[in-house]
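Going by numbering that gives the first Met the number 0, 20 is the number at position 21 of the sequence shown; the sequence numbering is gapless. Beta carbons are placed, not taken as given, at the ideal position from N, Cα and C, and that holds for glycine. Down below is the structure, laid out as C-alpha coordinates.
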Amino acid sequence: MDLPIQGILTREKAQRMAEFFGVLGDPNRWRILSALAFQDMRVTDLAEALEMTDSAVSHQLRLLRTMRLVRYFKQGRNVIYGLKDQHIFNLYREASEHIDEPED
(Lines of atoms letter the chains of each structure in order from A; the text may use other names.)
(Lines give C-alpha, C1' and ligand atoms only; values in the text may rest on other atoms or scores of the structure.)
Protein backbone atom coordinates (compact mmCIF):
# COMPACT_ATOMS: atom_id res chain seq x y z
CA MET A 0 0.00 0.00 0.00
CA ASP A 1 1.68 3.20 -1.16
CA LEU A 2 -0.74 5.81 0.16
CA PRO A 3 -1.33 6.45 3.85
CA ILE A 4 -4.87 5.89 5.01
CA GLN A 5 -6.51 9.15 5.97
CA GLY A 6 -7.65 9.57 9.54
CA ILE A 7 -5.16 7.22 11.18
CA LEU A 8 -3.88 8.72 14.39
CA THR A 9 -0.24 9.51 14.84
CA ARG A 10 1.50 7.35 17.43
CA GLU A 11 1.75 10.35 19.74
CA LYS A 12 -1.95 11.18 19.53
CA ALA A 13 -2.89 7.51 19.94
CA GLN A 14 -0.74 7.39 23.09
CA ARG A 15 -2.38 10.53 24.49
CA MET A 16 -5.84 9.13 23.75
CA ALA A 17 -4.96 5.82 25.44
CA GLU A 18 -3.86 7.74 28.53
CA PHE A 19 -7.03 9.86 28.40
CA PHE A 20 -9.33 6.85 28.19
CA GLY A 21 -7.20 4.99 30.74
CA VAL A 22 -8.13 7.64 33.30
CA LEU A 23 -11.77 6.85 32.52
CA GLY A 24 -11.23 3.17 33.35
CA ASP A 25 -12.30 3.66 36.96
CA PRO A 26 -16.00 3.44 37.95
CA ASN A 27 -15.61 6.04 40.69
CA ARG A 28 -14.32 8.57 38.18
CA TRP A 29 -17.39 7.96 36.00
CA ARG A 30 -19.60 8.45 39.05
CA ILE A 31 -17.85 11.75 39.76
CA LEU A 32 -18.32 12.84 36.15
CA SER A 33 -22.00 11.87 36.33
CA ALA A 34 -22.48 14.01 39.43
CA LEU A 35 -20.69 16.95 37.83
CA ALA A 36 -22.54 16.59 34.52
CA PHE A 37 -25.48 18.50 35.91
CA GLN A 38 -24.07 20.69 38.66
CA ASP A 39 -20.83 22.05 40.02
CA MET A 40 -20.00 20.67 43.46
CA ARG A 41 -17.61 20.93 46.38
CA VAL A 42 -15.42 17.94 47.27
CA THR A 43 -17.34 17.45 50.53
CA ASP A 44 -20.68 17.36 48.70
CA LEU A 45 -19.33 14.94 46.10
CA ALA A 46 -17.92 12.69 48.82
CA GLU A 47 -21.25 12.62 50.64
CA ALA A 48 -23.27 11.99 47.47
CA LEU A 49 -20.93 9.21 46.33
CA GLU A 50 -20.39 7.72 49.80
CA MET A 51 -16.63 8.19 49.51
CA THR A 52 -14.12 9.98 51.70
CA ASP A 53 -13.09 13.55 50.91
CA SER A 54 -9.55 12.26 50.42
CA ALA A 55 -10.62 9.60 47.91
CA VAL A 56 -12.70 12.11 45.94
CA SER A 57 -9.85 14.63 45.94
CA HIS A 58 -7.48 11.98 44.62
CA GLN A 59 -9.86 11.06 41.79
CA LEU A 60 -10.46 14.73 40.94
CA ARG A 61 -6.72 15.32 40.75
CA LEU A 62 -6.43 12.56 38.13
CA LEU A 63 -9.43 13.90 36.22
CA ARG A 64 -7.88 17.37 36.26
CA THR A 65 -4.61 16.09 34.78
CA MET A 66 -6.54 14.97 31.70
CA ARG A 67 -8.57 18.20 31.61
CA LEU A 68 -11.85 16.42 32.31
CA VAL A 69 -12.80 18.68 35.21
CA ARG A 70 -12.17 22.29 36.13
CA TYR A 71 -12.26 24.03 39.47
CA PHE A 72 -12.69 27.51 40.84
CA LYS A 73 -12.63 29.06 44.27
CA GLN A 74 -15.71 30.58 45.79
CA GLY A 75 -14.66 32.13 49.07
CA ARG A 76 -13.03 29.33 51.04
CA ASN A 77 -14.68 26.62 48.94
CA VAL A 78 -13.22 24.89 45.90
CA ILE A 79 -15.94 24.03 43.41
CA TYR A 80 -15.52 21.40 40.68
CA GLY A 81 -17.36 20.98 37.40
CA LEU A 82 -16.89 19.39 34.01
CA LYS A 83 -14.19 21.09 31.96
CA ASP A 84 -16.36 21.90 28.96
CA GLN A 85 -19.17 20.79 26.66
CA HIS A 86 -16.92 18.15 25.03
CA ILE A 87 -16.65 16.33 28.34
CA PHE A 88 -20.40 16.53 28.93
CA ASN A 89 -20.98 15.14 25.43
CA LEU A 90 -18.48 12.33 26.05
CA TYR A 91 -20.26 11.44 29.30
CA ARG A 92 -23.73 11.59 27.70
CA GLU A 93 -22.75 9.54 24.63
CA ALA A 94 -21.03 6.86 26.72
CA SER A 95 -24.01 6.66 29.06
CA GLU A 96 -26.48 6.39 26.19
CA HIS A 97 -24.34 3.79 24.43
CA ILE A 98 -24.25 1.60 27.54
CA ASP A 99 -28.05 1.80 27.83
CA GLU A 100 -28.66 0.72 24.23
CA PRO A 101 -29.95 -2.82 23.82
CA GLU A 102 -27.51 -5.28 22.33
CA ASP A 103 -28.15 -6.47 18.79
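Residue burial classification, residue i (beta-carbon count within 10 angstroms, cutoff 16)
{"i": "LEU68", "result": "buried"}
{"i": "GLN14", "result": "exposed"}
{"i": "ILE87", "result": "buried"}
{"i": "LEU8", "result": "exposed"}
Reference residue i, options the options, closest by Cα
{"i": "ASP25", "options": "GLU100, VAL56, GLY81 and PHE72", "result": "VAL56"}
{"i": "PHE19", "options": "GLU47, LEU63 and ALA36", "result": "LEU63"}
{"i": "ARG28", "options": "ASP103, HIS97, TYR91 and GLU102", "result": "TYR91"}
{"i": "ASN89", "options": "GLN74, PRO101 and PHE37", "result": "PHE37"}
Proximity of residue i and residue j at Cβ, strictly below 8 Å
{"i": "GLY81", "j": "LEU35", "result": "yes"}
{"i": "VAL42", "j": "VAL78", "result": "yes"}
{"i": "ALA46", "j": "ASP39", "result": "no"}
Where residue i sits in the DSSP three-state scheme
{"i": "PHE88", "result": "helix"}
{"i": "GLY81", "result": "strand"}
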